[in-house]
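Participant: Chains as they are written, first to last, in this note's numbering: chain A, 1266 to 1481; chain B, 1266 to 1481. Quick one: the structure is below, questions incoming.
Number of protein chains: 2
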Amino acid sequence: MVCSDVTLDDLVDFHAGIDDFDYDHDATIFGMGEATEAVYCIRGGAVKMVRADPAVGGRIVRVLKKGDVAGLESAFAERYEHTAVAVGAVRACRIPIAYFRHFVAKHAGLQVRLFEKSQAALREAETWLAELVGGTIPARTRLARLLLRLRIGDGDRIHRFSVNDMATIIGTTPETVSRIVSEFVRQGLVVKGGNSIVSRHFRGDIAALEKISQEA
Amino acid sequence: MVCSDVTLDDLVDFHAGIDDFDYDHDATIFGMGEATEAVYCIRGGAVKMVRADPAVGGRIVRVLKKGDVAGLESAFAERYEHTAVAVGAVRACRIPIAYFRHFVAKHAGLQVRLFEKSQAALREAETWLAELVGGTIPARTRLARLLLRLRIGDGDRIHRFSVNDMATIIGTTPETVSRIVSEFVRQGLVVKGGNSIVSRHFRGDIAALEKISQEA
DNA sequence: CGTGTACTTGAGTGGGCTCAAGCAGGGTGG
DNA sequence: CCACCCTGCTTGAGCCCACTCAAGTACACG
């Protein structure tokens, strides 16, 4: 095996199944300000990354889905930059930080991969800025865009976050989100599924949502 | 010189004065989608990083000031991710991408620095998300926060962006920004200075602005 | 001095926030 | 197994901030 060809996936795959953990809805995977102990590869479910804000009690700045890595931001820092919270049932594999750092130090090529991962996160954050958050764009449009981003894989299933979470993401109030979701349901654009706290999700009319997401 | 101790600054310093360029107000330093040719270290002035959006004609997702590096995002990519535009007079030193990549490849320690720079940019973007952009937060508060972020060094001078630019940053309209700025001026919180297109700036009452920035 | 762009200011409207009840449904304890 | 309760969601009424549309103004540059 050529060192420079080792990828992040190799590291993760090596650990898969060995160190898998399950998290319930609303479980804290790690907390902002705590000592960095591990990075986590999300194998299923959704995780919200929260930055504590004096006001309101925390704003969601990113959402991680299957295949994303949580805690990378803090891989070379002393403490976590965010709080990571499970939304619905989550399965993640845990890679101790010492092991991770050792592995990265050994394989020079990995560092570039890391840089690219970081860039991807940056791009995602900027997309949120440009498309999801407030401004002149109407709330219905923003909510449609959010739902599209919460899609599970390539099907019509969509992670169903709480009304509160969706509100803090698109920068509005829970009431407004509730009203718009109701409207979407009335129009048959989305259907609520899996009410059992684990596996809450929508089934959405992707094409219709995409149309709304392009309005004004 | 120990290789692992080489910093980004060393690379920049080596080039300082040799490859310095001046840009006028509104000059495009590089455009989104163009082939990556160089990275730029900002030595003075302010640069807005724009992501073209089908709607409205581009949203500003980050602002670079003295000491920041433009184009790092695309250092290992084919094409630039943003358009970089000078706001007021800008001086920047240009480091050809081939040279930059060569330099990074030679000095392993630099890669970690790069990763950290990328993380810093990510943190900045997330701060914008949490503090600057729309949501329930009143426009006056957001504008006060923006002005504080546009501070030049540690004094009371503040980069004066166009009313339009400030509007797209905090996610509001030019009219609203104009009204709030007028109000600030009436209250003596800020004073307009340097109307000569180059070196436009405010003088601001930092303490007062900080107080407003913490409201609601 | 003319011209154009950017900014300012006004009036009116509407989207979304606030405040305040009611409702549903699922988890828990009896 | 059922009833309770508690949290999260829904829905309504009223109001206000900020958006829209539309002139008017100031200033920088040619």
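Backbone N, C-alpha and C fix where the C-beta goes; we use that ideal spot for every residue, glycine too. Remember, it's a predicted structure, so these values are computed and weren't measured experimentally.
1) From alanine 1303 of chain A to isoleucine 1360 of chain A, what distance separates their C-alpha atoms?
2) Compile a chain-ordered list of the residues in the region 1359 to 1384 of chain A whose CB is closer than 8 angstroms to at least one CB of chain B.
3) Does the Cβ-Cβ distance between glutamate 1338 of chain B and glutamine 1384 of chain A come in under 8 angstroms?
4) For the alpha helix (DSSP H) containing isoleucine 1477 of chain B, list its first residue and its last residue.
5) Per DSSP, which one or two residues make a beta bridge with lysine 1457 of chain A?
6) Label lysine 1457 of chain A either buried or exposed according to how many other C-beta atoms from any shown protein chain fall within 10 Å of its C-beta, with 16 as the threshold for buried.
7) Phenylalanine 1467 of chain B: buried (16+ other C-beta within 10 angstroms of its C-beta) or exposed?
8) Would you say alanine 1390 of chain A faces chain B, with C-beta separation under 8 angstroms as the test?
9) If I measure Cβ to Cβ from threonine 1438 of chain A and keep anything under 8 angstroms in the same chain, skipping five residues before and after, which residues do I get?
10) What residues of chain B sit near arginine 1316 of chain A, judged by a beta carbon separation below 7 angstroms?
11) Note down the Cα distance separating aspartate 1274 of chain A from valine 1328 of chain A, rounded to an integer number of angstroms.
12) Check distances from the C-beta atoms of the region 1434 to 1448 of chain B to those of chain A and list, in chain order, the residues that come in under 8 angstroms.
13) Would you list the residues sitting across from valine 1312 of chain B in a DSSP beta bridge?
14) Measure how close the beta-carbons of alanine 1333 of chain A and isoleucine 1307 of chain A come, nearest whole angstrom, since I'm counting them as under 8 angstroms.
15) When you compare each of A:Asp1419, A:Asp1284, A:Leu1415 to tyrosine 1364 of chain A by their alpha carbons, which one comes out closest?
16) Rounded to whole angstroms, what is the Cα-Cα separation between alanine 1473 of chain A and aspartate 1421 of chain A?
17) From the DSSP output, in three-state form, read off histidine 1290 of chain B for me.
18) What whole-angstrom Cβ distance do valine 1463 of chain B and histidine 1290 of chain B have, given they're in contact under 8 angstroms?
19) Look at the alpha carbon of glycine 1353 of chain A and the alpha carbon of leucine 1412 of chain A, and state the distance between them as a whole number of angstroms.
20) Does the beta-carbon of lysine 1476 of chain B have 16 or more other beta-carbons within 10 angstroms, so that it is buried, or is it exposed?
21) Comparing C-alpha positions only, which one of A:Asn1460, A:Gly1469, A:Gly1374, A:Val1377 sits nearest to glutamine 1452 of chain A?
22) Hey, aspartate 1430 of chain A and lysine 1330 of chain A: beta-carbon distance below 8 angstroms or not?
23) Suppose you measure from the CA of valine 1450 of chain A to the CA of arginine 1407 of chain B; what does that come to, to the nearest Å?
24) Can you look up phenylalanine 1423 of chain A in the DSSP assignment and give me helix, strand or coil?
25) Using the rule of at least 16 other Cβ atoms within 10 Å of the residue's Cβ for burial, across every protein chain shown, is threonine 1272 of chain B buried or exposed?
26) From arginine 1465 of chain A to phenylalanine 1368 of chain B, what distance separates their C-alpha atoms?
27) To the nearest angstrom, how far is it from the Cα of lysine 1382 of chain A to the Cα of glutamate 1440 of chain B?
28) Let's test the definition: count the other Cβ atoms within 10 Å of the Cβ of alanine 1409 of chain B and tell me whether it reaches 16, buried, or not, exposed.
29) In chain A, which residues lie less than 7 angstroms from glutamate 1475 of chain B when you measure between Cβ atoms?
30) Can you tell me whether DSSP reads isoleucine 1362 of chain B as helix, strand or coil?
31) Where does phenylalanine 1449 of chain A sit, in a helix, a strand or coil, going by DSSP?
32) What is the residue span of the alpha helix (DSSP H) that arginine 1416 of chain B lies within?
33) Under a Cβ-count criterion, where at least 16 other Cβ atoms within 10 Å of its own Cβ denotes burial, should glycine 1418 of chain A be classed as buried or exposed?
34) Can you pull out the residues from the region 1459 to 1471 of chain A whose beta carbon lies closer than 9 angstroms to at least one beta carbon of chain B?
Facilitator: Looking at the coordinates:
1) Taking the first residue of the first sequence as position 1, residue 1303 of chain A is located at position 38. Taking the first residue of the first sequence as position 1, residue 1360 of chain A is located at position 95. Rounded to whole angstroms, alanine 1303 of chain A to isoleucine 1360 of chain A spans 5 angstroms at the Cα level.
2) Ala1373, Gln1376, Val1377, Leu1379, Phe1380, Glu1381, Ser1383, Gln1384
3) The residue given as residue 1338 of chain B occupies position 73 in the second sequence. The residue given as residue 1384 of chain A occupies position 119 in the first sequence. Yes, they are a contact pair.
4) Counted from its first residue, the second sequence places residue 1477 of chain B at position 212. Per DSSP, isoleucine 1477 of chain B belongs to the alpha helix (DSSP H) from 1471 to 1478.
5) If you number the first sequence from 1, residue 1457 of chain A lands on position 192. Paired residues: A:Phe1467.
6) Here the question's residue 1457 of chain A lines up with position 192 in the first sequence. By the 10 Å Cβ count, lysine 1457 of chain A comes out exposed.
7) Start at 1 with the first residue of the second sequence, and residue 1467 of chain B comes out as number 202. Buried.
8) By 1-based counting over the first sequence, the position of residue 1390 of chain A is 125. Taking Cβ atoms only, chain B reaches closer than 8 angstroms to alanine 1390 of chain A, which makes this a yes.
9) Along the first sequence, read from residue 1 onward, the residue named residue 1438 of chain A stands at position 173. Cβ within range, chain order: Ala1432.
10) Counted from its first residue, the first sequence places residue 1316 of chain A at position 51. Simply Glu1391, Ala1395.
11) Counting from 1 along the first sequence, the entry for residue 1274 of chain A is found at position 9. Counting from 1 along the first sequence, the entry for residue 1328 of chain A is found at position 63. Rounded to the nearest angstrom, the two C-alpha atoms are 20 angstroms apart.
12) Gly1436, Thr1437, Thr1438
13) Within the second sequence, numbered from 1, the residue matching residue 1312 of chain B stands at position 47. Answer by DSSP bridge pairing, in chain order: B:Leu1329, B:Ala1351.
14) In the first sequence, the residue the question calls residue 1333 of chain A occupies position 68. In the first sequence, the residue the question calls residue 1307 of chain A occupies position 42. Checking the sequence, you will find aspartate at residue 1333 of chain A rather than alanine. Aspartate 1333 of chain A to isoleucine 1307 of chain A, Cβ: 5 angstroms. Contact.
15) Within the first sequence, the letter at position 99 stands for residue 1364 of chain A. Out of A:Asp1419, A:Asp1284, A:Leu1415, A:Asp1284 has the C-alpha closest to the C-alpha of tyrosine 1364 of chain A.
16) Mapped onto the first sequence, residue 1473 of chain A falls at position 208. Mapped onto the first sequence, residue 1421 of chain A falls at position 156. Roughly 12 angstroms separates the two Cα atoms.
17) Within the second sequence, the letter at position 25 stands for residue 1290 of chain B. In the structure shown, histidine 1290 of chain B sits in coil (DSSP, three-state: anything other than H, G, I, E or B).
18) The residue labelled residue 1463 of chain B in the question sits at position 198 within the second sequence. The residue labelled residue 1290 of chain B in the question sits at position 25 within the second sequence. Valine 1463 of chain B to histidine 1290 of chain B, Cβ: 6 angstroms. Contact.
19) Residue 1353 of chain A sits at position 88 when you count from the first residue of the first sequence. Residue 1412 of chain A sits at position 147 when you count from the first residue of the first sequence. If I take the Cα positions, the gap works out to 16 angstroms.
20) In the second sequence, residue 1476 of chain B corresponds to position 211, counting from 1. Classification for lysine 1476 of chain B: exposed.
21) Reading the first sequence from its first residue, position 187 is the one you call residue 1452 of chain A. Residue A:Gly1469 is the option with its Cα nearest to glutamine 1452 of chain A.
22) If you number the first sequence from 1, residue 1430 of chain A lands on position 165. If you number the first sequence from 1, residue 1330 of chain A lands on position 65. Contact: no.
23) By 1-based counting over the first sequence, the position of residue 1450 of chain A is 185. By 1-based counting over the second sequence, the position of residue 1407 of chain B is 142. Taking the straight line joining both Cα atoms gives about 34 angstroms.
24) Within the first sequence, the letter at position 158 stands for residue 1423 of chain A. The sequence shown places isoleucine at residue 1423 of chain A, not phenylalanine. Here isoleucine 1423 of chain A sits in strand by DSSP.
25) Within the second sequence, the letter at position 7 stands for residue 1272 of chain B. The residue in question, threonine 1272 of chain B, is exposed, as its Cβ has fewer than 16 Cβ neighbours within 10 Å.
26) Against the first sequence, residue 1465 of chain A aligns to sequence position 200. Against the second sequence, residue 1368 of chain B aligns to sequence position 103. Cα to Cα, the separation comes out at about 50 angstroms.
27) Looking up residue 1382 of chain A in the first sequence gives position 117. Looking up residue 1440 of chain B in the second sequence gives position 175. If I take the Cα positions, the gap works out to 39 angstroms.
28) For the purposes of this step, residue 1409 of chain B is identified with residue 144 of the second sequence, where counting begins at 1. Buried.
29) Within the second sequence, numbered from 1, the residue matching residue 1475 of chain B stands at position 210. Within chain A, no residue comes near glutamate 1475 of chain B; the closest Cβ sits about 13 angstroms away, beyond 7 angstroms.
30) For the purposes of this step, residue 1362 of chain B is taken as the residue at position 97 of the second sequence. Looking at isoleucine 1362 of chain B - three-state DSSP - the assignment turns out to be helix.
31) Taking the first sequence and counting its residues from 1, the one referred to as residue 1449 of chain A is at position 184. Phenylalanine 1449 of chain A falls in the helix class under three-state DSSP.
32) Position 151 of the second sequence, counted from the start, is the residue given in the question as residue 1416 of chain B. Run containing arginine 1416 of chain B: none; DSSP gives neither H nor E here.
33) Your numbering for residue 1418 of chain A matches position 153 in the first sequence. Exposed is the call here.
34) none
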